[in-house]
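Single-structure report; data block below.
Numbering (the working numbering), first residue to last: 270 to 516.
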C-alpha cells in the first residue's frame with residue numbers, strides 16, 4: 270500500500286488540503302484589508318483615475334522654476350539650515366546611542382539592564398520626528414533647535430537598535446582574550462567590541478544622516494526650521510514655479 274504523498278497530473282506533489290485552505294484564507298483577509306483601507310481613505314474611482322492628470326498638471330506648472338525669486342527669499346540659506354539640522358540631530362543620536370547599545374546587547378549586558386534599554390529604544394522609535402518636534406516646540410520655541418532635538422531623539426532609537434545588532438554579531442574571540450588577561454568589562458568593550466563594530470556603526474550613522482536630511486525638510490513645515498517652511502508657504506499660495514525652485 271502506498272503511503273507517500275499524492276502527486277498531480279504533472280508529477281509534482283499536490284498541496285495539502287490544510288495548506289491550500291490557509292493560503293485561501295490569508296488571500297481573502299488580504300483582499301478584505303485592502304478594501305477596508307480604501308474605504309477608510311474615501312478613495313473614489315473618479316479621484317483615482319484623475320490623479321495622474323492632476324499630478325502632471327502640477328508638475329508642468331513648476332517649469333520653468335523661479336530660481337531668482339527663490340534666491341531673493343533666502344531659500345539657499347534654508348536648504349543649508351536643513352542640512353545643519355540633520356547633521357546636529359545625527360550627531361546627538363550617534364553620541365547617545367552608542368553607549369546605550371552596549372547596555373542593550375544580549376552578549377555583553379545582563380538581562381536586568383538590557384531589557385529596559387531595549388524597551389526605551391522601542392518607545393523612541395515608535396514616536397515620529399514630527400510628533401517629537403510638536404512636543405519640543407513649546408519648550409524650545411519655533412526654529413531649527415526644535416527640529417535638531419527631535420531628529421536627535423528619534424535617531425537614538427534607530428541607531429541604538431542597529432548598533433545593538435552589530436554588537437550581538439561580533440566574534441567572541443577578542444572578548445575571551447581580554448578576559449583571559451584580567452581585563453574588566455570596560456576594557457573588553459574598548460578593545461574587544463569597539464574595533465569590530467566601528468566600521469559598521471559609522472556606515473549606519475551616514476545612512477541615518479541621509480534619512481535625517483529628508484526629515485528636516487518635513488519638520489520645517491511645522492516651524493521647526495529648514496526649507497520645509499518655505500515649501501509650505503509657496504504651496505499655500507499655489508506659486509508652483511517657486512515650489513519647483515525649492516524642490
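Just so it is clear, CB atoms sit at the ideal spot from N, CA and C, and this is done for glycine as well.
With 16 other Cβ atoms within 10 Å as the buried cut-off, status of residue i
i: residue 388; result: exposed
i: residue 391; result: exposed
i: residue 366; result: buried
i: residue 376; result: exposed
i: residue 333; result: exposed
i: residue 472; result: exposed
i: residue 419; result: buried
i: residue 505; result: exposed
i: residue 380; result: exposed
i: residue 431; result: buried
i: residue 444; result: buried
i: residue 299; result: exposed
i: residue 248; result: Outside the displayed span of the chain (270 to 516) sits residue 248, for which this structure offers no information.
i: residue 398; result: buried
Distance between residue j and residue i (C-alpha atoms, nearest Å)
i: residue 421; j: residue 370; result: 16 angstroms
i: residue 339; j: residue 482; result: 20 angstroms
i: residue 426; j: residue 477; result: 11 angstroms
i: residue 327; j: residue 508; result: 10 angstroms
i: residue 301; j: residue 310; result: 14 angstroms
i: residue 480; j: residue 488; result: 13 angstroms
i: residue 349; j: residue 335; result: 19 angstroms
i: residue 337; j: residue 316; result: 35 angstroms
i: residue 452; j: residue 385; result: 26 angstroms
Any C-beta of chain B under 8 angstroms from that of residue i
i: residue 331; result: Protein chain content of the structure displayed is limited to a single chain, and chain B is not contained in it.
Cβ distance (whole Å) where residue i is taken to contact residue j below 8 angstroms
i: residue 362; j: residue 463; result: At roughly 18 angstroms, the Cβ-Cβ gap does not stay under 8 angstroms, so residue 362 and residue 463 are not in contact.
i: residue 344; j: residue 515; result: 6 angstroms
i: residue 446; j: residue 469; result: In fact, because the Cβ distance is near 21 angstroms, the residues do not count as touching under 8 angstroms.
i: residue 494; j: residue 412; result: 5 angstroms
i: residue 406; j: residue 492; result: 7 angstroms
Proximity below 8 angstroms, CB of residue i to CB of residue j
i: residue 347; j: residue 499; result: yes
i: residue 331; j: residue 512; result: yes
Residue i: CB within 7 angstroms of a non-hydrogen atom of the ligand HEM
i: residue 466; result: The ligand HEM is absent from the structure shown, which contains no ligands of any kind.
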